[in-house]
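To keep things clear, I will list the structure first and then write my remarks on it.
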Amino acid sequence: MLKETKLFVRLFAIFPIIDTLNGFALSAGINLPIGVAYRLFCIFFLIAGIFKKGFPKNIYTVLTASFIFSGILTLLIQTITLQNGFGALGNDLSNMVKFFLWVLIPYYIYQRRDAFTEADFSRLFLTISALFTICLLVPYLLGIGNQTYAGSDAGYKAFFFANNDTTIGFIAAATYTGWYLFHQTSSAKQARRLLTALLYIGNLVGLLLLGTKTGIIYGVVLTIVLLIRFFFFQKRVPLLVKWSTGSAVIAVALFAIFKGRSFILDTLSGSIQRLTYFYNLYNGDLIRFITSSRSQFLDSAFQSFTGTGHLVNQIFGFGFSLRVANWGLGDLVEMDFFDVLFSLGFIGVLVTSAVLLYFFIKACQKRSIYSVMFIVLLFYGAFAGHVLFSALSSTLFGLICGALLLKKESLREPK
29 MLKETKLFVR
39 LFAIFPIIDT
49 LNGFALSAGI
59 NLPIGVAYRL
69 FCIFFLIAGI
79 FKKGFPKNIY
89 TVLTASFIFS
99 GILTLLIQTI
109 TLQNGFGALG
119 NDLSNMVKFF
129 LWVLIPYYIY
139 QRRDAFTEAD
149 FSRLFLTISA
159 LFTICLLVPY
169 LLGIGNQTYA
179 GSDAGYKAFF
189 FANNDTTIGF
199 IAAATYTGWY
209 LFHQTSSAKQ
219 ARRLLTALLY
229 IGNLVGLLLL
239 GTKTGIIYGV
249 VLTIVLLIRF
259 FFFQKRVPLL
269 VKWSTGSAVI
279 AVALFAIFKG
289 RSFILDTLSG
299 SIQRLTYFYN
309 LYNGDLIRFI
319 TSSRSQFLDS
329 AFQSFTGTGH
339 LVNQIFGFGF
349 SLRVANWGLG
359 DLVEMDFFDV
369 LFSLGFIGVL
379 VTSAVLLYFF
389 IKACQKRSIY
399 SVMFIVLLFY
409 GAFAGHVLFS
419 ALSSTLFGLI
429 CGALLLKKES
439 LREPK
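Heads up: the sequence shown runs through residues 29 to 443, numbered per the numbering used here.
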């Protein structure tokens, strides 16, 4: 691997640490923009690397260039038509930089797809998984950090700042670690298998501690799917390995039931109380309860989108600052495609859908673990938001999209 690509892997592997340090500074009331400085450096690193390598003449380059150009053009038009001041422009620019991350990262990887290998990305995602787990569990064991939901005992997020973003990080980490664990069972050394198993358990504990209903349900479903696939569909795994793995799974399950039951119940109690409170608050309205009021946010945002402004605003969007200032409940729908529509207009939806469609086609062609992770995060963003516009999630999503563009042989699954 070239020196530049090694720097890329190291730079983007440490982002869980950066977000933890950033959250610690915010929790302590320290005005130190660690996260902003890190992302700006990443952006400059990506842009410099992309221009240095040059632009191949193909559809992917056209899609990427159209996405970036339309984003910049939209920002300029919004500044003029909405008469945004410097404060609003700065806020919109900050959100746009986060939005660009998930497109710039895979293009950088695409330009160097011959230099990256499956082993590089395996180390990258396992490192990210380990750092997410360490940055959550160590503060928890030390008795420091923040609750997931302010003003309640529901959930724990250490010093990670955004709840949904952290859940996305652990969902992606658990997906990759679980896949890696069950695909290297028969070939890896016992110590390595044990460490991977502990990391996966750490991912699941992290999802449990976070206390979000999506994260907990996903962790349970993921584990069941991985076990079914391992025992019934992986034909090349020796029967003895399956028996030993099954015994280990049963042992861990029994330990969790008899020794970890109180911990699990105590961890879930705050989340259950919070869910019960909101179910009663919504008078049993399952749509509002399941969507966490997103249906109400969406209705309010649609009224603002169709009832205010001119056609040019609907074409190019209303930006981010104006929505926060004037749209009330519709300031953030927390459903990515609708937030793209309201903030960046029909142009934003068009170019975003085109790029995502390109990656979706690649995901269907590759049919690798990165395809699964892409689809999981795409659906999460569509229904729960926080994937395309969040610095943490956008970085992770960009790395996954980039993995889809590597050469086919570099993504072969370990035997």
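Heads up, the beta-carbon is just placed ideally off N, CA and C, and yes, glycines get one too.
Handout entry: the stretch 183-201 / the stretch 306-320 touching (three or more Cβ pairs under 8 Å)
Key = Three or more Cβ pairs closer than 8 Å define a contact, and the stretch 183-201 falls short of that threshold against the stretch 306-320.
Handout entry: For LYS85, the three-state DSSP class (helix, strand or coil)
Key = If DSSP states are grouped into helix, strand and coil, LYS85 belongs with coil.
Problem - beta strand (DSSP E) segments (min. 3 residues) lying fully within the stretch 208-292 - result: Those beta strand (DSSP E) runs which fall completely within the stretch 208-292 and span 3+ residues do not exist here.
Handout entry: Cβ-Cβ distance between THR161 and GLY230 below 9 Å
Key = Yes; because the gap between Cβ atoms is below 9 Å, this pair is in contact.
Handout entry: Sheet register partners of TYR184 (DSSP bridge)
Key = DSSP, once it has assigned bridges, lists GLN175 as partnering TYR184.
Handout entry: C-beta contact flag for GLY373 and TRP130 at 9 Å
Key = No, Cβ-Cβ distance for GLY373 and TRP130 is not below 9 Å.
Exercise for the section: Please confirm whether any heavy atom of the ligand HEM lies closer than 8 Å to the CB of GLY376. Expected result: This structure simply doesn't include the ligand HEM, nor any ligand for that matter.
Handout entry: Meets three-Cβ-pair contact criterion under 8 Å: the stretch 74-83 and the stretch 357-373
Key = The stretch 74-83 is not in contact with the stretch 357-373.
Exercise for the section: Use the C-beta contact count for PRO44: other C-beta atoms within 10 angstroms, 16 or more gives buried, fewer gives exposed. Expected result: Around the CB of PRO44, 16 or more other CB atoms lie within 10 Å, so the residue is classed as buried.
Problem - VAL249 classed as buried or exposed, judged by whether at least 16 other C-beta atoms fall within 10 angstroms - result: Burial is judged here by how many other beta carbons sit within 10 angstroms of a residue's own beta carbon; VAL249 has fewer than 16 and is exposed.
Problem - Beta carbon of LEU223 nearer than 9 Å to that of LEU254 - result: Contact flag unset, no.
Handout entry: Start and end residues, alpha helix (DSSP H) containing PHE344
Key = Its alpha helix (DSSP H) spans residues 339-344.
Practice task
Report buried or exposed for PRO167, applying the criterion of at least 16 other Cβ atoms within 10 angstroms of its Cβ.
Solution key: The residue in question, PRO167, is buried, as its Cβ has 16 or more Cβ neighbours within 10 Å.
Exercise for the section: Name the residue from GLY376, ASP364 and SER328 whose alpha carbon lies nearest to the alpha carbon of ASN354. Expected result: The shortest C-alpha separation from ASN354 is found at SER328.
Practice task
Inspect the CB distances between the stretch 47-61 and the stretch 169-189 and report whether three or more fall short of 8 Å.
Solution key: Judged by pairs of C-beta atoms under 8 Å, the stretch 47-61 touches the stretch 169-189, as three or more such pairs exist.
Practice task
Please say whether PHE387 and ASP120 have beta carbons closer to each other than 9 Å?
Solution key: Contact: no.
Handout entry: Nearest candidate by alpha-carbon position, reference GLN106, set ASP148, LEU350, ALA65 and SER290
Key = Between GLN106 and the set ASP148, LEU350, ALA65 and SER290, the nearest pair of CA atoms involves LEU350.
Exercise for the section: State buried or exposed for LYS31, treating a residue as buried only when at least 16 other CB atoms are found within 10 Å of its CB. Expected result: Classification of LYS31: exposed, given that the 10 Å Cβ count is below 16.
Handout entry: Proximity below 9 Å, CB of LEU405 to CB of ALA200
Key = Between LEU405 and ALA200, the gap from beta carbon to beta carbon is short of 9 Å.
Problem - Reduced DSSP category for GLY312 - H, G, I as helix; E, B as strand; rest coil - result: If DSSP states are grouped into helix, strand and coil, GLY312 belongs with coil.
Problem - Contact with chain C by SER94, beta-carbon distance below 9 Å - result: Considering every chain present, this structure includes no chain C. It has just one protein chain.
Exercise for the section: Would you grab the beta carbon distance between LEU159 and LYS241 for me? Rounded to a whole angstrom, and I think it's under 8 Å. Expected result: Rounded, the Cβ-Cβ distance is 25 Å, inconsistent with contact.
Handout entry: Reduced DSSP category for MET363 - H, G, I as helix; E, B as strand; rest coil
Key = Coil at MET363, not helix or strand.
Handout entry: Between the CA atoms of MET363 and VAL233 - distance to the nearest angstrom
Key = C-alpha separation (whole angstroms): 26 Å.
Problem - Spatial neighbours of LYS28 in its chain, beta-carbon cut-off 6 Å, leaving aside the 5 residues before and after - result: Within the shown structure, residues of the chain are numbered from 29 to 443, placing residue 28 beyond reach of any answer.
Handout entry: Which of helix, strand or coil DSSP assigns to SER321
Key = Note: SER321 maps to coil in three-state DSSP.
Problem - CYS70 versus PHE36, GLY57, ASP47 and LEU164, residue with shortest Cα-Cα distance - result: For the residues PHE36, GLY57, ASP47 and LEU164, the minimum Cα distance to CYS70 belongs to PHE36.
Practice task
For the alpha helix (DSSP H) holding THR155, just list the boundary residues, first then last.
Solution key: Looking at the DSSP string, the run of the alpha helix (DSSP H) that includes THR155 is 146-170.
Exercise for the section: Check whether the Cβ atoms of PHE258 and THR273 sit closer than 9 Å, and answer yes or no. Expected result: Result yes, Cβ atoms of PHE258 and THR273 sit closer than 9 Å.
Exercise for the section: Round the Cβ separation of TYR228 and THR203 to the nearest angstrom and send it over; I've been treating them as touching at under 8 Å. Expected result: Contact doesn't hold; Cβ gap of about 10 Å is too wide.
Handout entry: Reduced DSSP secondary structure (H/G/I, E/B, other) of SER332
Key = For SER332, the secondary structure class from DSSP, reduced to helix, strand or coil, is helix.
Exercise for the section: Using 10 angstroms around the beta-carbon of CYS392, count the other beta-carbons present and answer buried if the total reaches 16, otherwise exposed. Expected result: By the neighbour-count criterion, in which a residue is buried when 16 or more other Cβ atoms sit within 10 angstroms of its Cβ, CYS392 is exposed.
Practice task
Determine the burial state of LYS443: buried for a count of at least 16 other Cβ atoms within 10 Å of its Cβ, exposed for fewer.
Solution key: Caution is warranted here: a pLDDT of 40 is assigned to LYS443, below 50, making its placement in the model unreliable, and the coordinate value is therefore given only provisionally. Exposed is the call here.
Handout entry: Backbone CA spacing between PHE469 and PHE198 [nearest angstrom]
Key = The displayed coordinates of the chain run from 29 to 443. Any statement about residue 469 would go beyond what the structure contains.
Exercise for the section: With a 10 Å radius around its C-beta and 16 neighbouring C-beta atoms as the bar for buried, classify SER332 as buried or exposed. Expected result: Counting Cβ neighbours within 10 Å, SER332 comes out buried, since at least 16 surround it.
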